[in-house]
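Engineer: Just dropping this structure here.
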Amino acid sequence: MIALRWLSDNAGVMAEYFLAHVWLSVLPLLLGLVLALPLGWAAHHFGFLYRPLVAGSALLYTLPSLALFVLLPQVLGTRMLDPVNIVCALTVYTVALLVRVVADGLAAVPEDTVRAADAMGYTAVQRWAAVELPVAVPVIAAGLRVASVSNVSLVSLGALLGIPQLGSLFTLGFQLGYLLPIAAGIVLCLLLAWLLDGLILAAARLLTPWKRAETPA
Amino acid sequence: MTPRRTPRAATALAAALALLTATGCGIGSDPLAAGEEGADRDGSGPVVVGSANFLDSLLVANIYAEALRAEGIEVEERYNIASREAYVPGLIDGSIDLIPEYSGALLQYVDPETEATADAEVLEELRVQLPEGLAVLEASEAQSKDVLVVTGETAAEHGLETVSDLVPLAGEMTLGGPPEWKTRHNGIVGLREVYGLEFATFVALDAGGPLSLNAVTNGQVDVVDLFTTDPAIGERDLVMLEDDRGLFLAENILPLVRDRAVDGEARAVLDAVSARLNTDDIREMMGRIISQRENPTLVARDWLTANGLA
Amino acid sequence: MNLIEWFADPAHWAGPDGIPRQVLTHLVYCAIAAAVAIVVALPAGLVIGHTGRGAVVVAGLANALRALPTLGLLIAAVLLVSPHVGSQLAFTVPALIVLVVLAIPPILTNAYAGVTAVPPQVRTAAHGIGMRPWQVLLTVELPCALPLVISGVRSASLQLVSTATVAAYVSLGGLGRYIIDGQAQLDYTQMLAGAILVALLAIVVEALLLLLERLVVSPGLTGRLRRLPDPDRAPGAGPDPAPTAAPVAAPASGRAP
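Chains as they are written, first to last, in my numbering: chain A, 43 to 259; chain B, 983 to 1292; chain C, 21 to 277.
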């Protein structure tokens, strides 16, 4: 009874938190992808950059997220409680994760495919955009799926700084000593992770029509 | 694998820094992110109400927010901001405009040397000492003070009634409190200087929340910091130790505002709230929120309606 | 106070709040969590890889565990566990639960992927010379899968080292103390020092595990298996939830047949 009333009392707030969580986790994913594509390309194309870029991004990954959330305002000159700090921190992690994935994805494009594109008279840029990148889509998508799941979980730590999103349900539940808000928050996080995962899979399928043709029914 | 490890580590570090700045720049110039919170919302735009990360601050923040809304003032909520050390800078930099405060703790934050303890003294000094750009409005008579608490068992065993009674025992006791107590005057520092109390260990918990409560009831700590308005003190057979040397100052609840962001109309609303708010009401509302799982916003609205403020 | 002064201050190196003690506490939590996760996930991953049954479950379970928000899980565990156990354990147990859940997916998926990646000829040969299934698993498949298995343990360890900081949120020790206390006290130097210590510790742990890998992996394997796609090592291991690519669901499909 109390549980039902709590849920109906708080449905509006939970919807707000959910929406905030969506953009706090999706925006860094998009920004991270946009930044990781050229970096990953550079790591793949210029062999000497591969190690420093990949090792450097692995190093970024060891930074504890809560520390990054709080320290970023110092670096960026943003306000303490600005959601931009979360977006920025998660963009850093997304880039860190995707640089290697993009580089390895490009490296896995079969030599024959690249040569065929050359033979057809593609310029380097055309070849990259029209052949190498699309062929690498499944690998990049796999990396994005991992990043999206990880982002959804990391965003919730923003609650420790007072940035409203699903994680606020955790701290609220903690203060009340009440499991229901926490359970609701976990379920909504899982739901969001699952939705994003499905979206990325669908997008990857859409971008790789030849794979569908290959897959036996 | 590579024999030359140092240069590799150095390039990796450089690359990490480069990545960090690259992504930083990417965000900094992102119009969506930058435009999200205009430069200054003086005069126009919503009043951003904050709260600290404990329940009675959340409750009072809700009362403020709902009272303003009832008068047609636009409000945005930014609850659960860690501690005073985090939200006061947040007020100064414009992240929030309004937050419930406690007169004594706030005074000790802005002036750790203060000797004021009585209600009026504290308020008077607070008005003088606040940083430029911040202001406190009328104080309510409601108080929510820090209080050192022990279990009924501990109190009976050692005959504890006051904080001073702890002096001979402290060397073998564990104290629990929020992490900021390590450096605060109305925390470990003050307990040492005012009472001469040196506890064997300090365990960083939360600000009078579930960690603190559990820690004292299950014996992880012997003495813990809670709030006088906590309904659990009575329910769990805990004993409040009298602050016989007045370390914890008067703690009247009052709105702390960013001066330029809260106009006369909003101030009038907040003053009307403070004129009505008292300790019993807070304790009663806290009971509803904690035991009945009622929504703080709705509890706040009920109180406003009952007091003719909404 | 700046960072160098902070590290130079002898007070930060002594006593129960000192750096050596906090590093030790941090490592102890990580080690316990890693040990439990290995005991649970390694046999499961090996058996599933060996029998080929339950592969879908592995992928699904690993991904679901990864999506669980660390903070929510921690708080739920505290609320559920702490009223029933006394003393320090009231908070240690919940923190360990969260860390174990975090460490399971990379170990599980890598053990599974390691066994499935064993070339079929090798397995057939082992059967051919009369080995029983469990002998094949323990004396052929496990050693062959070892590089990937250790790689999974490495990912898990990195995540543990950076996530064990959350233990401080529920009053426990470890390097997270500097971060949580620094935040509560708005002491950026302390926070930064904590972040640097965590990153350093992660690098040291990674280096030690790399060394271990070189010691235990059969030299006959390293030349060849090293070049196998190592799906786990999507860049290092990360902060809270597993940033490792799910080998079951992932990159292999990228290569056009």
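Glycine included, C-beta positions come from ideal geometry on N, C-alpha and C.
1. Can you tell me whether Glu1211(B) is buried or exposed, with buried defined as 16 or more other CB within 10 angstroms of its CB?
2. How many angstroms separate the CA atom of Leu69(A) from the CA atom of Val129(A)?
3. For Arg197(C), count neighbouring C-beta atoms within 10 Å of its own C-beta (all shown protein chains included) and say buried if the count is 16 or more, exposed if not.
4. So is Asn1277(B) in contact with chain A if we call contact Cβ pairs under 8 Å?
5. What would DSSP say about Arg266(A), mapped onto helix, strand or coil?
6. Can you list the residues of chain C that Glu1103(B) reaches, using a CB-CB cut of under 7 Å?
7. Taking 8 Å as the CB-CB limit, is Val138(C) close to chain A?
8. Is it the case that the Cβ atoms of Ser1077(B) and Leu123(A) are separated by a distance below 8 Å?
9. Is the Cβ of Ala219(C) closer than 8 Å to any Cβ of chain A?
10. Let me check one thing: in DSSP terms, what residues is Pro139(C) bridge-paired to?
11. So, does the CB of Ile106(C) fall closer than 8 Å to a CB anywhere in chain B?
12. Which same chain residues end up closer than 8 Å to Asp160(A) when comparing Cβ atoms and leaving out the 5 residues on each side of it in sequence?
13. Excluding sequence positions up to five away, which residues of its chain have a Cβ less than 6 Å from the Cβ of Glu174(A)?
14. Shortest alpha-carbon distance to Leu206(C) belongs to which of Ala1068(B), Val1042(B), Asp1093(B)?
15. Could you tell me the distance, in whole angstroms, from the CA atom of Ser50(A) to the CA atom of Ile1215(B)?
16. Got a sec? Which residues, its chain only, sit under 7 Å from Pro1082(B) by beta carbon, not counting five neighbours each side?
17. Does the CB of Pro1192(B) have a neighbour CB from chain A at under 8 Å?
18. Are the C-beta atoms of Ala1068(B) and some chain A residue less than 8 Å apart?
19. Going by the CB atoms, is the gap between Leu1286(B) and Leu1119(B) shorter than 8 Å?
20. Along the region 1148-1164 of chain B, what residues have a CB closer than 8 Å to any CB found in chain C?
21. Counting only the same chain and skipping the five closest in sequence on each side, list residues whose C-beta sits under 6 Å from that of Asp1241(B).
22. With Ile1063(B) as the anchor, note down where its beta strand (DSSP E) starts and where it stops.
23. Could you check if Leu44(C) is buried or exposed, using at least 16 other CB atoms within 10 Å of its CB as the buried criterion?
24. Should Asn1035(B) be flagged as near chain A, meaning a C-beta pair shorter than 8 Å?
25. Would you mind stating whether Leu186(A) and Leu102(A) have Cβ atoms separated by less than 8 Å?
26. Taking the continuous beta strand (DSSP E) assigned at Ala34(C), which residues delimit it?
27. With a threshold of 8 Å on Cβ separation, who are the neighbours of Arg1265(B) within its own chain once the five nearest residues in sequence on each side are excluded?
28. So does the region 87-103 of chain C actually touch the region 132-145 of chain C, counting three or more Cβ pairs closer than 8 Å?
29. Which value, in whole angstroms, describes the spacing of the CA atoms of Asp1093(B) and Val1131(B)?
30. Suppose the cutoff is 8 Å on Cβ atoms and the five residues either side in sequence are ignored; what does the same chain contact list for Arg1227(B) look like?
31. Leaving out five residues on either side along the sequence, give the residues of the same chain with a beta carbon under 8 Å from the beta carbon of Asn1168(B).
32. In its own chain, which residues sit with a C-beta less than 6 Å from the C-beta of Glu1053(B), not counting the 5 before and 5 after it?
33. Give every residue of the same chain whose Cβ lies closer than 6 Å to the Cβ of Leu221(C), excluding the five residues on either side of it in the sequence, and list them in chain order.
34. According to DSSP, Ile211(C) sits in a beta bridge with which residue or residues?
35. In this structure, what does DSSP give as the bridge partners for Met1222(B)?
36. Can you list the residues of chain A that Thr185(C) reaches, using a CB-CB cut of under 9 Å?
Structural biologist: Answer, in terms of the structure:
1. First, the amino acid is wrong: residue 1211(B) is Thr here, not Glu. So Thr1211(B) counts as buried.
2. 7 Å
3. buried
4. yes
5. In the structure as shown, chain A starts at 43 and stops at 259, and residue 266(A) therefore has no counterpart that could be examined.
6. In chain order: nothing, as chain C lies at least about 27 Å away.
7. no
8. yes
9. yes
10. Answer is none; Pro139(C) lacks a bridge partner.
11. The question names Ile, yet the displayed sequence has Gly at residue 106(C). Interface residue, yes.
12. Arg169
13. Leu148, Val151
14. Ala1068(B)
15. 30 Å
16. Ser1033, Ser1039, Val1042, Ala1043, Tyr1046, Ile1235, Pro1237
17. yes
18. yes
19. no
20. Gly1158, Pro1160, Pro1161, Glu1162, Lys1164
21. Gly1115, Ala1117
22. 1057-1063
23. exposed
24. yes
25. no
26. Neither: Ala34(C) is in no beta strand (DSSP E) and is coded neither H nor E.
27. Thr1211, Pro1213
28. no
29. 26 Å
30. Val1145, Ser1146, Val1176, Tyr1177
31. Gly1086, Ala1087, Gln1090, Asp1128, Leu1229, Phe1230, Leu1231
32. Val1251
33. Val181
34. This sequence places Met at residue 211(C); Ile is not what is there. DSSP, once it has assigned bridges, lists no residue as partnering Met211(C).
35. Val1131(B)
36. Pro106, Ser107, Leu108, Ala109
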